[in-house]
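For the protein sequence lines, the chains are A and B, in the order given. Per the working numbering, the very first residue in the first sequence carries number 5; after that it's consecutive. Per the working numbering, the very first residue in the second sequence carries number 249; after that it's consecutive. Think of the CB as a built atom: it goes at the ideal place given N, C-alpha and C, for glycine as much as any other residue. Please read these numbers as outputs of a predicted model, since none were measured by experiment.
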Amino acid sequence: MRNPQLDKQGKLQHLLTTEGLPREILTTILDNAAPFAEVAEREVKKLPLLRGKSVFNLFFENSTRTRTTFEIAAKRLSADVINLNINTSSSAKGETLLDTVDNLVAMHADMFVVRHASSGAPYLIAGHLAATGREHIHVVNAGDGRHAHPTQGLLDMYTIRHYKRDFTQLTVAIVGDILHSRVARSQIHALTTLGVPEVRVIAPKTLLPTGVERLGVRVCHDIQEGLRGVDVVMMLRIQNERMSGALLPSPQEFFKSFGLTPERLAKAKPDAIVMHPGPMNRGVEIDSAVADGSHSVILPQVTFGIAVRMAVMSMLAGG
Amino acid sequence: MSNTQALAKLPKVETLLAKLVEAMRPHAGPDMALVGIHTGGVWLAEHLHAALGLAIPLGSIDVSFHRDDYSSKGLHRGAKASSIPFPVDGAQIVLVDDVLYTGRTSRAAMNELYDYGRPGRIDLAVLVDRGGRELPICARYCACTLAEPLPATQELVLTRADTQPILSLSLKERRDA
């Protein structure tokens, strides 16, 4: 079966997940993002690449950072950006996802940026567009359920490469709620594809999906042990809204066992970087002293996210 | 005389560069700013900048983001970040490129420059004018104009040796022609 993200020539058609994307495409996205980052330094932060194109932000789930950075990226590429707040629109009145899409296509959409609580929703849209002969319309997954958040994974890779240059010598730890995290999945697939020799996941058993080892990671249940000698610490958010049942005794309890404190970070390499996809729960997964400390690259991640999203959108929309 | 023969008769790049330096020297001064267009134009601009002893730091431009064939050919692979290390507002800028052909690259470079400010003046310096213009653009400084325009199936490119900074011109059949 052909990768649904690639067209017949192997060119990126949609961005749905980092899983199964060839290393060459991941590297090309990162390479292309670098000159887009420079655009932010200009007086006129605007490029003509998506002039005349309409980008629809379809957010069925709340988001501030992702939606805003996608919007900035599309606007810097001169696209017309339409934000749909789905909670207050037609789907609240009972319209199906694909009917919503068809209506927006009738308004001449060129690209959909989709966030949805259900895993696979962006695939459903991409498949529907292909089945109805509208392959020229592109879909970017901005987070679907627990499945994938590829642009977050890619901006994390860009951040790592920016500070560490070479993936093939690194030890990377991903810490926190792996179970609910689409970010973690996108990170793991990207890290292993890019040749990172050791990826560790650090979490309590209740917050790890079964069979996570099959993704090519080492599992640690002890944060002190897991952080030993790592180059990169990727924190995850404790997703209170997705917690059901007794997965966690309490946020305080989690911080006591798995929160990133300066003492625990001291186990990592002296030049280790600390990342977080946001929004942060200070005092739950990360101590303020670390979040605001010298190892933190959390705010640069946000800035790099704009360049990476510009690169992705211009790779998709070009002929 | 065929174009290949014409090219064989082209003076060496060093000779052409020396001609370009002499053409520009009377106008070179504290106000002259050079901006090379990736990739060949940057190599030439580095040489011109040193030979003319210019004070304003050298700039470089990649026109990928302003190319007019994006909608048909997609994003150009291997785009580099542009670098304009001087204030563009009011600046006296000379764009430097290796080969002047349709003029589309120069147009894209001017658009890119305007993203940094409003230049006082923009001139163009090229090593070779191969003819075939599709836009109203001409070079103020040009070391060599081919007697007959090259056919569209051919590509005239400046290459640099891997180990030494030796530049040479070569003629290739276009891959996409």
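Residue i, enclosing beta strand (DSSP E) - first and last residue
i	result
leucine 292/B	No beta strand (DSSP E) contains leucine 292/B, which is instead part of the alpha helix (DSSP H) from 288-300.
arginine 186/A	It is not in any beta strand (DSSP E) - arginine 186/A instead sits in the alpha helix (DSSP H) that spans 186-197.
aspartate 84/A	84-89
methionine 272/B	No beta strand (DSSP E) contains methionine 272/B, which is instead part of the alpha helix (DSSP H) from 261-272.
serine 418/B	415-421
tyrosine 389/B	389-393
isoleucine 277/A	277-279
leucine 282/B	280-285
arginine 55/A	Careful: arginine 55/A lies outside any beta strand (DSSP E) and carries neither H nor E.
leucine 404/B	402-408
Span of the alpha helix (DSSP H), counted from its first residue to its last, around residue i
i	result
lysine 260/A	255-262
threonine 70/A	69-80
alanine 356/B	352-362
valine 306/A	302-321
glutamate 42/A	27-43
valine 336/B	Element bounds for valine 336/B: n/a, residue is neither H nor E.
alanine 146/A	Where alanine 146/A is concerned, there is no enclosing alpha helix (DSSP H), although the beta strand (DSSP E) it sits in stretches over 142-148.
arginine 378/B	First-last for arginine 378/B: undefined, no H or E at that position.
isoleucine 309/B	Note, isoleucine 309/B: premise wrong, no alpha helix (DSSP H); beta strand (DSSP E) at 307-309.
valine 294/A	292-295
leucine 133/A	125-135
glutamate 65/A	No alpha helix (DSSP H) holds glutamate 65/A; DSSP gives it neither H nor E.
Residue from the options with nearest C-alpha to residue i
i	options	result
lysine 57/A	Asp296/A, Ile29/A, Asn7/A, His140/A	His140/A
arginine 366/B	Ala339/B, Thr411/B, Gly307/B, Glu403/B	Ala339/B
valine 179/A	Gln191/A, Asp11/A, Glu45/A, Leu53/A	Gln191/A
valine 347/B	His297/B, Ile341/B, Trp291/B, Gln412/B	Trp291/B
isoleucine 245/A	Phe74/A, Leu212/A, Arg150/A	One point to set straight first is that residue 245/A is glutamate, not isoleucine, in the sequence displayed. Closest by alpha carbon: Arg150/A.
isoleucine 285/B	Leu406/B, Ala276/B, Ala400/B	Leu406/B
threonine 210/A	Val187/A, Pro201/A, Ile182/A	Ile182/A
arginine 69/A	Ser318/A, Ala293/A, Arg313/A	Arg313/A
glycine 379/B	Ala327/B, Thr393/B, Gly368/B, Gly326/B	Thr393/B
proline 278/B	Val342/B, Leu419/B, Pro413/B, Arg423/B	Val342/B
histidine 112/A	Ile90/A, Gly124/A, Leu128/A, His142/A	His142/A
aspartate 226/A	Leu16/A, Leu303/A, Ser254/A, Leu264/A	Leu264/A
glutamine 13/A	Leu198/A, Tyr167/A, Thr22/A, Ile29/A	Ile29/A
alanine 207/A	Thr197/A, Glu229/A, His193/A	Glu229/A
arginine 27/A	Ala41/A, Leu198/A, Ser298/A	Leu198/A
glycine 323/A	Lys267/B, Ser319/B, Arg315/B	Ser319/B
histidine 166/A	Gly309/A, Cys224/A, His132/A	Gly309/A
aspartate 291/A	Pro281/A, Glu267/A, Gln305/A, Leu303/A	Glu267/A
proline 304/A	Glu257/A, Lys260/A, Gln156/A	Gln156/A
leucine 231/A	Lys15/A, Phe262/A, Leu16/A	Phe262/A
arginine 352/B	Arg325/B, Glu382/B, Glu403/B, Gly368/B	Glu382/B
glutamine 243/A	Cys224/A, Gly282/A, Val216/A, Lys260/A	Gly282/A
glycine 322/B	Arg80/A, Asn61/A, Leu54/A	Leu54/A
valine 48/A	Gln402/B, Glu403/B, Arg423/B, Tyr362/B	Tyr362/B
Residue j beta carbon less than 8 Å from that of residue i
i	j	result
valine 237/A	leucine 269/A	yes
leucine 331/B	glutamate 360/B	For the sequence presented, residue 331/B should be read as serine rather than leucine. Not a contact, by the Cβ cut-off of 8 Å.
leucine 51/A	valine 59/A	no
phenylalanine 334/B	isoleucine 304/B	yes
alanine 83/A	valine 118/A	no
arginine 273/B	leucine 300/B	yes
tyrosine 162/A	alanine 276/A	no
leucine 375/B	alanine 357/B	no
valine 301/A	methionine 284/A	no
serine 312/B	alanine 327/B	yes
alanine 293/A	valine 234/A	no
leucine 296/B	valine 261/B	no
histidine 184/A	glutamate 23/A	no
leucine 372/B	alanine 395/B	no
methionine 115/A	alanine 321/A	yes
histidine 120/A	phenylalanine 74/A	no
arginine 241/A	glutamate 289/A	yes
valine 316/A	valine 144/A	yes
leucine 19/A	leucine 10/A	no
Contact list for residue i against chain C, beta-carbon separation under 7 Å
i	result
asparagine 36/A	Included in the structure are the protein chains A and B, with no chain C among them.
Using Cβ-Cβ distances below 8 Å, what residues of the region 320-331 of chain B are close to chain A?
Listed in chain order, the positions of the region 320-331 of chain B with a beta carbon within less than 8 Å of a beta carbon of chain A are Ser320, Lys321, Gly322, Leu323, Arg325, Gly326, Ala327, Lys328, Ala329, Ser330, Ser331.
Taking Cβ-Cβ distances below 8 Å as the criterion, which residues of the region 342-367 of chain B are in contact with chain A?
Residues passing the 8 Å Cβ filter: Asn359, Tyr362, Asp363, Tyr364, Gly365.
Residues of the region 268-295 of chain A whose Cβ lies closer than 8 Å to any Cβ of chain B, in chain order
Under the 8 Å Cβ criterion, the region 268-295 of chain A contributes no residue.
Contact list for the region 305-323 of chain A against chain B, Cβ threshold 7 Å:
Ser318, Met319, Gly322, Gly323: these are the residues of the region 305-323 of chain A whose beta carbon lies less than 7 Å from some beta carbon of chain B, given in chain order.
Would you list, in chain order, the members of the region 370-396 of chain B that have their beta-carbon closer than 8 Å to a beta-carbon of chain A?
From the region 370-396 of chain B, no residue has a Cβ closer than 8 Å to chain A.
Compile a chain-ordered list of the residues in the region 172-205 of chain A whose CB is closer than 9 Å to at least one CB of chain B.
Under the 9 Å Cβ criterion, the region 172-205 of chain A contributes no residue.
Note down, one range per segment and in chain order, each alpha helix (DSSP H) of at least 4 residues found wholly within the region 94-121 of chain A.
Listed in chain order, the alpha helix (DSSP H) runs fully inside the region 94-121 of chain A are 101-110, counting runs of at least 4 residues.
Just list the beta strand (DSSP E) runs in the region 203-241 of chain A, keeping only unbroken ones of 3 residues or longer that don't cross its boundaries, in chain order.
222-224, 236-239, all fully within the region 203-241 of chain A.
For the region 274-302 of chain B, list every residue whose C-beta sits within 8 Å of some C-beta in chain A, in sequence order.
Cβ contacts with chain A: none found.
In the region 144-180 of chain A, which residue ranges form an unbroken beta strand (DSSP E) of at least 3 residues, counting only runs that do not cross its ends?
Entirely contained in the region 144-180 of chain A, the beta strand (DSSP E) runs reaching 3 residues are, in chain order, 175-179.
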